[in-house]
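Position one of the sequence shown corresponds to residue 1 (full-length UniProt numbering), numbered consecutively onward. Note that the Cβ used here is the ideal one computed from N, Cα and C, for glycine as well. Please read these numbers as outputs of a predicted model, since none were measured by experiment.
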Amino acid sequence: GIVTVNETKGILDREEYPRWELTFYAYDACKTYDSNCKVQQSDDCLVVIIVDDINDEFPQNFDWSPKDDPDHLHATELLNEGSEVTSDGVTPYRITARDDDEPNTNNSQITFEVLRVTNVNTGEESQMFQAVSSYWDNAGETQYFCTLITTINMTGLKGLYDIEIM
């Protein structure tokens, strides 16, 4: 026989149900007028369906740590070009996100990019930061994050900047 998905009843969503187990039996038929016929049944046949992942989820739950300020990352004007932006001069900020596609596959891999850095007061755009994407293994699940690296010498720079990261 053929097994199909009735798309009018819904869709297969790997994030909700990544695995299905179907049990099949085969029966022979008796003619309705044959009262002596005994229906014969096969042994059960278990079919396991693994739903393949498609890249249908997007990164979400952006956050950063450490959160010494709940609204802002702070970068000191003492940073030289190529320096990691840190909260205390030692601990780098880590910007994290999560993707609900199948873990540890290309579909759930996250790469970060600084799209725009804008001075809040002047509206002037700058390319003063670069996102360096990385990951670590956390109990068998890959966690993606980035750190920010300065692309210019920050000496003498002042102000509040919006950083748009994708």
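Beta-carbon contacts of residue i that lie in its chain and below 8 Å, excluding the five residues immediately before and after
| i | result |
| --- | --- |
| residue 158 | 77 |
| residue 141 | 103 and 104 |
| residue 116 | 125, 162, 163 and 164 |
| residue 30 | 37, 38 and 39 |
Cβ-based neighbour list, residue i, same chain, cut-off 6 Å, excluding 5 preceding and 5 following
| i | result |
| --- | --- |
| residue 79 | 150 and 154 |
| residue 28 | 40 |
| residue 110 | 59, 97, 99 and 144 |
| residue 51 | 12, 14 and 18 |
| residue 62 | 97 |
| residue 24 | 45 |
| residue 160 | 120 |
| residue 57 | 99, 100 and 101 |
Where the beta strand (DSSP E) through residue i begins and ends
| i | result |
| --- | --- |
| residue 132 | 129-138 |
| residue 43 | First-last for residue 43: undefined, no H or E at that position. |
| residue 14 | Element bounds for residue 14: n/a, residue is neither H nor E. |
| residue 30 | No beta strand (DSSP E) holds residue 30; DSSP gives it neither H nor E. |
| residue 157 | Looking at the DSSP string, residue 157 is not in any beta strand (DSSP E), and its letter there is neither H nor E. |
| residue 119 | 114-119 |
| residue 151 | Note, residue 151: premise wrong, no beta strand (DSSP E); not H, not E. |
| residue 162 | 161-165 |
| residue 96 | 94-98 |
Cβ distance (whole Å) where residue i is taken to contact residue j below 8 Å
| i | j | result |
| --- | --- | --- |
| residue 81 | residue 163 | Wrong, their Cβ atoms sit about 17 Å apart, outside the cutoff. |
| residue 93 | residue 147 | 7 Å |
| residue 107 | residue 55 | 4 Å |
The ligand ATP heavy atom lying under 7 Å from the CB of residue i
| i | result |
| --- | --- |
| residue 136 | Among the ligands in the structure shown, none appear at all, so the ligand ATP cannot be discussed. |
Own chain partners of residue i with C-beta closer than 7 Å, once the 5 adjacent residues on each side are dropped
| i | result |
| --- | --- |
| residue 156 | 77 |
| said: Taking contact to mean 3 or more Cβ pairs, one atom from each stretch, closer than 8 Å, check whether the region 115-125 and the region 137-145 are in contact. | reply: no
| task | Please confirm if the region 46-62 is in contact with the region 82-91, defined as three or more CB-CB distances below 8 Å between the two stretches. | result | no
| Cβ contact check for the region 69-76 and the region 8-28: 3 or more pairs under 8 Å | no
| Considering only residues of the region 39-88, which uninterrupted beta strand (DSSP E) runs meet the minimum length of 3 residues and lie entirely inside it, listed in chain order? | 45-50 and 60-65
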